[in-house]
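Chemist:
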Amino acid sequence: MTTHIEELLQRDSFIERSARSRAKALLDAGSMRELAGPFDRLHSPWLAMQQLVTQADDGVVVAKGLLAGQPTVVLAIEGAFQGGSMGEAGGAKIAGALELAARDNRRGIPTQAVILFETGGVRLQEANLGLAVIAEIQSAIVDLRRYRPVIGVSAGTVGCYGGMSIAAGLCSYLVLTREARLSLNGPQVIEQEAGIAEFDSRNRALIWGLTGGEQRFATGLADACVQDDTAEVRATLVGLFAQGLPERHRSERADDFLAALARVDTGTQSTPADVRTVYAKGAQ
Amino acid sequence: MERLEFAFGAGQPTLARTVTGVVASGDLEVLLEPGAAGLTSIAVQTSVDGYGATWKALLERVFADGALPAARIEINDNGATPGVVRMRIEQAFEEARS
Numbered sequence: 001m002t003t004h005i006e007e008l009l010q011r012d013s014f015i016e017r018s019a020r021s022r023a024k025a026l027l028d029a030g031s032m033r034e035l036a037g038p039f040d041r042l043h044s045p046w047l048a049m050q051q052l053v054t055q056a057d058d059g060v061v062v063a064k065g066l067l068a069g070q071p072t073v074v075l076a077i078e079g080a081f082q083g084g085s086m087g088e089a090g091g092a093k094i095a096g097a098l099e100l101a102a103r104d105n106r107r108g109i110p111t112q113a114v115i116l117f118e119t120g121g122v123r124l125q126e127a128n129l130g131l132a133v134i135a136e137i138q139s140a141i142v143d144l145r146r147y148r149p150v151i152g153v154s155a156g157t158v159g160c161y162g163g164m165s166i167a168a169g170l171c172s173y174l175v176l177t178r179e180a181r182l183s184l185n186g187p188q189v190i191e192q193e194a195g196i197a198e199f200d201s202r203n204r205a206l207i208w209g210l211t212g213g214e215q216r217f218a219t220g221l222a223d224a225c226v227q228d229d230t231a232e233v234r235a236t237l238v239g240l241f242a243q244g245l246p247e248r249h250r251s252e253r254a255d256d257f258l259a260a261l262a263r264v265d266t267g268t269q270s271t272p273a274d275v276r277t278v279y280a281k282g283a284q
Numbered sequence: 001m002e003r004l005e006f007a008f009g010a011g012q013p014t015l016a017r018t019v020t021g022v023v024a025s026g027d028l029e030v031l032l033e034p035g036a037a038g039l040t041s042i043a044v045q046t047s048v049d050g051y052g053a054t055w056k057a058l059l060e061r062v063f064a065d066g067a068l069p070a071a072r073i074e075i076n077d078n079g080a081t082p083g084v085v086r087m088r089i090e091q092a093f094e095e096a097r098s
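Residue numbers (my numbering), protein chains in the order written: chain A, 1 to 284; chain B, 1 to 98.
1. Could you check the C-alpha separation between GLY159(A) and ILE42(B) for me, to the nearest Å?
2. Looking at THR219(A) and ARG276(A), is the spacing between their C-beta atoms short of 9 Å?
3. Helix, strand or coil, according to DSSP, for VAL19(B) in the structure here?
4. ARG61(B): buried (16+ other C-beta within 10 angstroms of its C-beta) or exposed?
5. Using the rule of at least 16 other Cβ atoms within 10 Å of the residue's Cβ for burial, across every protein chain shown, is GLU179(A) buried or exposed?
6. Check whether the Cβ of LEU31(B) lies closer than 9 Å to any Cβ atom in chain A.
7. Residues bridged to ILE77(A) by DSSP?
8. Please list, in chain order, all residues of the same chain as VAL278(A) whose beta carbon is under 6 Å from its beta carbon, the five residues on each side excluded.
9. Run the proximity test for VAL275(A): is its beta-carbon closer than 8 Å to any non-hydrogen atom belonging to the ligand MG?
10. What's the C-alpha gap between SER165(A) and GLN269(A)?
11. Looking at chain B, is there any beta carbon in it that lies within less than 9 Å of the beta carbon of GLN284(A)?
12. Which residues mark the beginning and the end of the beta strand (DSSP E) in which ALA77(B) is found?
13. Starting from the Cα of LEU26(A), find the closest Cα among VAL153(A), GLY162(A) and LEU245(A) and give me that residue.
14. Taking GLU78(A) as the query, report the chain B residues whose CB atoms sit under 7 Å from its CB, ordered along the chain.
15. Of all the CB atoms in chain A, is at least one closer than 9 Å to the CB of MET1(B)?
16. Comparing the C-beta of THR266(A) with each C-beta of chain B, is any distance below 9 Å?
17. Whose CA, out of ILE151(A), ALA132(A) and ALA224(A), lies closest to the CA of VAL114(A)?
18. Taking the alpha carbon of LEU258(A) as the point to measure from, which residue in GLU34(A), LEU182(A), GLY267(A) and LEU221(A) has its own alpha carbon closest?
19. Just checking: is the beta-carbon of GLN91(B) within a distance shorter than 9 Å of some beta-carbon in chain A?
20. Considering only the alpha carbon of each residue, which of ARG33(A), LEU9(A), ASP12(A) and LEU8(A) lies closest to ARG20(A)?
21. What do you reckon, are the CB atoms on LEU47(A) and GLY87(A) nearer than 9 Å?
22. Express the C-alpha separation of GLY38(B) and LEU68(B) in angstroms, rounding to a whole number.
23. Sort out for me which residues DSSP pairs ILE151(A) with in a bridge.
24. Could you tell me the boundaries of the beta strand (DSSP E) in which GLN45(B) lies?
25. Measuring alpha carbon to alpha carbon, tell me which residue in VAL238(A), ASP228(A), VAL142(A) and ARG103(A) is nearest GLY156(A).
26. Does LEU27(A) come within less than 9 Å of chain B when only Cβ atoms are used?
27. Any C-beta of chain B sitting closer than 9 Å to the C-beta of THR157(A)?
28. Around the C-beta of ILE134(A), are 16 or more other C-beta atoms found within 10 angstroms, so that it is buried, or is it exposed?
29. Measuring alpha carbon to alpha carbon, tell me which of THR54(A), SER172(A), GLY83(A) and SER139(A) ends up nearest MET1(B).
30. Which two residues bound the contiguous beta strand (DSSP E) that contains ARG33(A)?
31. Does DSSP put ALA224(A) in a helix, in a strand, or in coil?
32. Identify every residue that forms a DSSP beta bridge with SER183(A).
33. Could you work out which residues of chain B lie near GLN125(A), taking near to mean beta carbons separated by less than 9 Å?
34. Which residues in the same chain as ALA7(B) place their Cβ atom closer than 6 Å to its Cβ, once the five residues preceding and following it in sequence are excluded?
35. Report the rounded CA-to-CA distance for GLU247(A) versus ARG253(A), giving the unit in angstroms.
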């Protein structure tokens with residue numbers, strides 16, 4: 001027990017870091033340069049109209065630098081600001097940075113990207129503009145991943161939801177921690193829309209059992225499940241980038257996943273073990 | 001949401017610009033940039049209405065003696081307590097020095 005506590009105290013938590021600090025910790029020391037940063041004051045014009053306090057970077061950090069010597073752009077979403085929701089300005093920063101990275105590749109600079117997903121999805125206060133920008137992010141991921149891997153990380157504790165969970169699914173590789181959750185709809189949304197018999201949003205074991213990082217890794221929807229440890233997250237990214245592009249991106253195997261899901265008996269509540277069996281049969 | 005503005009006498013401009021904190025629940029973001037010598041201006045955006053007098057008292061306690069370097073400060077506050085506000089401001093000045 002003592003060793004366990006000591007170990008936790010020694011660990012350099014990735015989850016506890018802010019978005020800016022996460023980006024800085026991932027990139028090679030001294031190589032980070034922030035683009036469209038807080039002093040450019042790209043505040044959300046829509047939040048203020050709704051009497052909500054804005055953040056000067058709109059909750060997104062765009063950090064350019066080197067990762068193990070390779071040109072890399074890190075797009076870090078700040079989960080503590082408005083639930084990491086994607087608004088027009090923050091979303092445009094991510095989409096724009098990915099588009100520029102793809103252009104770099106076409107000009108002979110092999111830029112790769114890391115997206116730190118800590119997001120509830122679209123920012124409801126910005127409605128269609130938020131949705132539009134998520135679509136742009138998705139297109140930009142698909143464009144860039146033709147050249148160099150785009151790696152998604154969701155460490156927690158917000159997790160990754162909504163349209164941004166689709167963006168995570170489009171990434172070349174996805175890295176999660178046990179604390180992370182990945183799902184299209186959040187637990188409360190499912191309960192609200194389908195009833196508590198369908199999904200009890202207060203049942204934490206059920207939520208993490210079905211949508212947590214460990215389960216998503218076991219079912220092949222993520223490529224690594226790591227400790228909440230900054231050095232381990234970084235080393236995992238370096239290893240995955242070194243592998244280069246996957247033979248087939250996960251999203252190109254959508255038919256396999258759909259075939260697996262078609263065999264699910266929806267008459268009974270699936271357990272985490274059932275779900276693993278379903279994916280083990282289908283996602284090969 | 002309420003916007004407040006303050007100005008205080010100050011020393012020479014700060015050397016660097018820094019950003020500290022996040023607009024998270026109970027926290028705030030402080031953006032600090034070099035200001036014109038002798039003047040610190042502070043623009044506050046806060047989620048909690050009606051606390052202008054508290055902000056004034058707190059900021060006077062930090063800036064009234066004019067000893068800190070001159071800065072242009074933007075504060076985006078999401079319900080931080082006075083203690084947290086003061087620590088974030090001090091953190092910003094400390095990081096600007098280092």
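Using N, Cα and C, we set each Cβ at its ideal position, and we do this for glycine too.
Here the structure is a predicted model, which is why all the values come from computation and not from measurement.
Modeler: The relevant details are as follows:
1. Distance between the alpha carbons of GLY159(A) and ILE42(B) is about 35 Å.
2. Contact annotation: ARG276(A) and THR219(A) have beta-carbon atoms nearer than 9 Å.
3. In the structure shown, VAL19(B) sits in a strand (DSSP, three-state: E or B).
4. Exposed, since its Cβ has fewer than 16 Cβ neighbours within 10 Å.
5. Taking all protein chains shown into account, GLU179(A) has 16 or more neighbouring C-beta atoms within 10 Å of its C-beta and is therefore buried.
6. LEU31(B) counts as touching chain A.
7. Beta-bridge partners assigned by DSSP to ILE77(A): VAL60(A).
8. Exclusion of the five residues before and after VAL278(A) leaves ALA260 and VAL264 as the residues of its chain whose Cβ lies within less than 6 Å of its Cβ.
9. Among the components modelled here there is no ligand, and therefore nothing to report on the ligand MG.
10. Here the alpha carbons of GLN269(A) and SER165(A) stand approximately 23 Å from one another.
11. Any answer about GLN284(A) is weak, because its pLDDT of 48 lies below 50 and its placement is not dependable; what the coordinates show is given next. With 9 Å as the cut-off, GLN284(A) does not count as an interface residue toward chain B.
12. Checking the sequence, you will find Asp at residue 77(B) rather than Ala. Unbroken beta strand (DSSP E) run through ASP77(B): 71-77.
13. Nearest of VAL153(A), GLY162(A) and LEU245(A) to LEU26(A), Cα basis: VAL153(A).
14. Listed along chain B are VAL22, each with a C-beta nearer than 7 Å to that of GLU78(A).
15. Residue contact check for MET1(B) against chain A: a CB pair falls below 9 Å.
16. Taking 9 Å as the threshold, the shortest C-beta distance from THR266(A) to chain B does not fall below it.
17. If we check each option's Cα against that of VAL114(A), ILE151(A) comes out closest.
18. Relative to LEU258(A), the option among GLU34(A), LEU182(A), GLY267(A) and LEU221(A) whose CA is nearest is LEU221(A).
19. So, not an interface residue.
20. It is ARG33(A).
21. Taking 9 Å as the cut-off, the beta carbon of LEU47(A) is found closer than this to the beta carbon of GLY87(A).
22. About 10 Å.
23. In DSSP, ILE151(A) forms a bridge with VAL114(A) and TYR173(A).
24. GLN45(B) -> beta strand (DSSP E) spans 39-46.
25. When only C-alpha atoms are compared, the closest one is ASP228(A).
26. No, no contact with chain B.
27. For THR157(A), the answer is no, since every Cβ of chain B falls outside 9 Å of its Cβ.
28. ILE134(A) is buried by the Cβ-count criterion.
29. It is THR54(A).
30. Segment 33-35, the beta strand (DSSP E) holding ARG33(A).
31. In this structure, ALA224(A) counts as strand in the three-state DSSP scheme.
32. Paired residues: TYR161(A).
33. Residues of chain B passing the Cβ test: none, with the nearest at roughly 13 Å.
34. Closer than 6 Å at the Cβ level, and outside the excluded window around ALA7(B), lie SER41.
35. CA-CA distance, GLU247(A) to ARG253(A), rounds to 11 Å.
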